[in-house]
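What follows is one structure encoded as structure tokens, with my remarks underneath.
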Amino acid sequence: MVIMNIPKKLTVITILLFLEIITLSANAQIIFTAIPVSVNIANGTENVEISLIISSDSLLLPNNLTYDAISYFQIEKTNGGLNARTINSVNKTDSITSFTFTDTEIGSGTQEYQLVAVDGNGSPTIIANQIVSIQAANPELNCVKLNHIYRKACHNCFDPNVFVHPFPIALGITKVVEIDIHHPDNLSSHPGNWDVRHLLLPSFKRNNNNCGGGDKRFNFCLKDIKIYSDSYLEHDPMIIYIDLKDAFNGTTHSTSSLDNLIQNEIGLSKIYKPSDLLGNFQTLRDAANNQNWPTLGNLRGKIIFVLTGDNTILNYYLSTQGNNALAFVAPKVGGGSNATAYNGAQEPDGIWQVNRQYIVFYNLTDEQLRVSYNPNNGEDFMQKHGYISRVYEDFNTSSNEYSNDIYHKINNIAIKNVVDNFSGLLMNSQLIDINNITVGNTTSTTFIDSKYNHITQHASQTVTTQNLTVLSGAHYNIVAGQEVDLLPGTDIQTGANTDIFISNCEDYIDNMRVNPFANQEQGRALTKQEIDWMLKSSKANTGQTIIKQPLLQPAIFPNPTSGNFTITQLDEFAGGNLEIVNLMGQVVFSQPINATTLTINLAHQPKGIYLIKISSNKENVVQKVVVE
């Protein structure tokens, strides 16, 4: 067994919103929204963004104040109404005043803000208050793979009849949204662009949405997404479901023109594409089956596009774009646009056999889950194969249906209004069974061949590998809170970029590390040489645990060392034996453990990493010491 000393790090903070909006006039229409902003998750820095929209149709404001009499607005941060501090202000407009600000000075507990109107004489009047509660987040979220979480999503957030705010505010509340796109009336008038609306409308009203200020075409919705992403570079990964309401025409509104529009507006570097999941696997399904999804932390700032719609339309997109597609597709189970039965989703109707290799997302309805759910075909199928599922409501999703979706481990659960529905339930970015994970299976070998950096298999307690081969050139890392079991058949090939940690995600790779100044030797990942050495040992071959977090670890100091060092806390190992071996497996020091403290001199040995093997009738451990 290899024992690793894991230091405690700073706690990442996220913001859980419990909004209390107090408007002092029944007629005042003030929308006051708080958004969590991850400015730099690596260093644990989090801010809160406040967005306000003030409508001029307020007939009466507090103290008989009229909208016309207001000169400007300001936002103040308060402490229970005391010591108010102005942190932003904006001039009033004729009709709708809106502004957004970011508060960078936050801490744990409650943050209180108030909106103040200032008239032409400089007299302030408090219009509304808001309370934001901040709690500590689970840093393990960064290590969880995209297909191991579920998130509250928005269905039709682009529709002003459903979501009355500008579209970017929806992106601040949830990173999983949907946009319906239609052909323009005249296909040649707006080549490569689409109209955006929910319902079929007369030709004089082809757009009905809240993108780009309202009633804009699809490119403006993409611009909103790009502006938001550029403003908050470390945002959680977005999943944008694009519901295709019309078939591609092959010319002015072709599959390639859709991809080109998305690429031109968003930028290729921001998009996580099917080819990124594919790596060097033969098919996307192979990649998903082999847990090739990246982690939430490594997808920060990324945007994923997923096409939905009639399966025959999706099939045409796959036939023309193939492995070069910019977007994933999520077919409906049970067939075309009038799907009625949940048939397990293994082979969706309307998708040709040759194109089924690209299907790693699935599109369901609450009605299908509620009436026809079959656990052997549904949840087990999705989870077993590493696919990502989406559910949208047939009518109005109830809290019972929503809880049912969570129970069935649906990844993206779409409701109509993410602001009003179920706001009291903490259902965003929750974990799905990450306490104990087994990679590989007993019947065949699982191959990891990812070329996407820092693919991470994480569990808060134990990660077990069996019949797992990490191929040369692949990036694959294992992080477990307590224990990593490498069972027989585990093969990490030479040239594989693999780290193994006993840790929580706080200690992991640089872009997830909370404290960049922590001692880099403590909690350090095993080197490739060390992993190779352990895999060749008898313990790996007999399937025993080779990495485990002990109840009490011996302490080594100084480490690194010039050669002389001391090992303490050997009480539990009295009567055992201590050996020091080099990475070639040669024993360079051996001594019975007959004291609680031992002083050792390796100054005569070459510089490098040595493994300290301690064996006793209670515990067997291995630690590292660096001689430099």
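FYI, the numbering for the sequence shown is 26 to 653, going by our numbering.
Just so you know, even glycine gets a beta-carbon here, dropped at the ideal spot from N, CA and C.
Proximity to residue i [Cα-Cα], best of the options
i, options, result
"A439", "V201, S475, N244, L283", "V201"
"N492", "T481, H500, D510", "D510"
"F330", "T622, E203, N642", "E203"
"R222", "T280, D261, N181, I252", "N181"
"Y477", "G304, L286, S123", "G304"
"D524", "I503, E508, I517, Q507", "I503"
"Y432", "L77, D93, F273, Y175", "Y175"
"T345", "T280, Q648, S469", "T280"
"F353", "Q316, I413, V488, D311", "I413"
"H500", "S485, P513, F472, I527", "F472"
"N642", "Q648, H278, Y266, I618", "I618"
"Y138", "I156, I480, R310, T150", "I156"
"I328", "S214, I206, E290", "E290"
"K649", "S114, P583, S497, I338", "P583"
"F590", "N626, F598, D374, I462", "N626"
"N436", "S428, Y427, R415, N429", "R415"
"I296", "N244, N317, L351, N314", "L351"
"G498", "I480, Q507, A484", "I480"
"I95", "T150, Q136, N336, S123", "T150"
"A355", "N274, I267, N314, G347", "I267"
Burial state of residue i, where buried means 16 or more other Cβ atoms lie within 10 Å
i, result
"T118", "exposed"
"H629", "exposed"
"N146", "exposed"
"G238", "exposed"
"N466", "exposed"
"P631", "exposed"
"F98", "buried"
"L620", "The residue asked about is misnamed: residue 620 is Ala in this sequence, not Leu. By the 10 Å Cβ count, A620 comes out exposed."
"K177", "buried"
"T276", "exposed"
"Q378", "exposed"
"G322", "buried"
"S294", "exposed"
"L224", "exposed"
"Q679", "This structure gives no information on residue 679, because the portion of the chain shown stretches from 26 to 653."
"I40", "Because I40 sits at a pLDDT of 31, beneath the cut-off of 50, its placement in the model cannot be relied upon, and the following sentence gives the value as read from the coordinates. The residue is buried, with at least 16 neighbouring Cβ atoms inside 10 Å."
"G600", "exposed"
"K409", "exposed"
"G520", "exposed"
"T489", "buried"
"Q486", "exposed"
"N315", "buried"
Under the three-state DSSP convention, the category residue i falls into
i, result
"V464", "strand"
"N380", "helix"
"A599", "coil"
"G713", "This structure cannot speak to residue 713, because the chain is shown only from 26 to 653."
"C182", "coil"
"N172", "helix"
"S475", "coil"
"H500", "strand"
"E45", "Any answer about E45 is weak, because its pLDDT of 35 lies below 50 and its placement is not dependable; what the coordinates show is given next. In the structure shown, E45 sits in coil (DSSP, three-state: anything other than H, G, I, E or B)."
"L512", "coil"
"N167", "helix"
"K434", "coil"
"I480", "coil"
"T294", "Thr is not the amino acid found at residue 294; the sequence shown has Ser there. S294: helix per DSSP, three-state reduction."
"L324", "coil"
"N154", "strand"
"D210", "coil"
"R222", "coil"
"T345", "helix"
"I12", "Nothing can be reported for residue 12: it is not among the residues displayed for the chain, which extend from 26 to 653."
"N89", "helix"
"Q4", "What is shown of the chain runs 26 to 653, which leaves residue 4 out entirely."
"D374", "coil"
"I121", "strand"
"A352", "coil"
"P579", "coil"
"K441", "coil"
Q | Uninterrupted alpha helix (DSSP H) stretches inside the region 230-272 (no shorter than 4 residues) | A | The region 230-272 contains these whole alpha helix (DSSP H) runs: 243-256.
(Q) With three or more beta-carbon pairs closer than 8 Å as the criterion, would you say the region 298-318 touches the region 258-272? (A) no
(Q) At 3 residues or longer, what runs of the beta strand (DSSP E) sit wholly inside the region 612-649? (A) 612-617, 623-626, 633-640
Q) Touching or not, the region 308-324 and the region 332-342, by the rule of three or more beta carbon pairs under 8 Å? A) no
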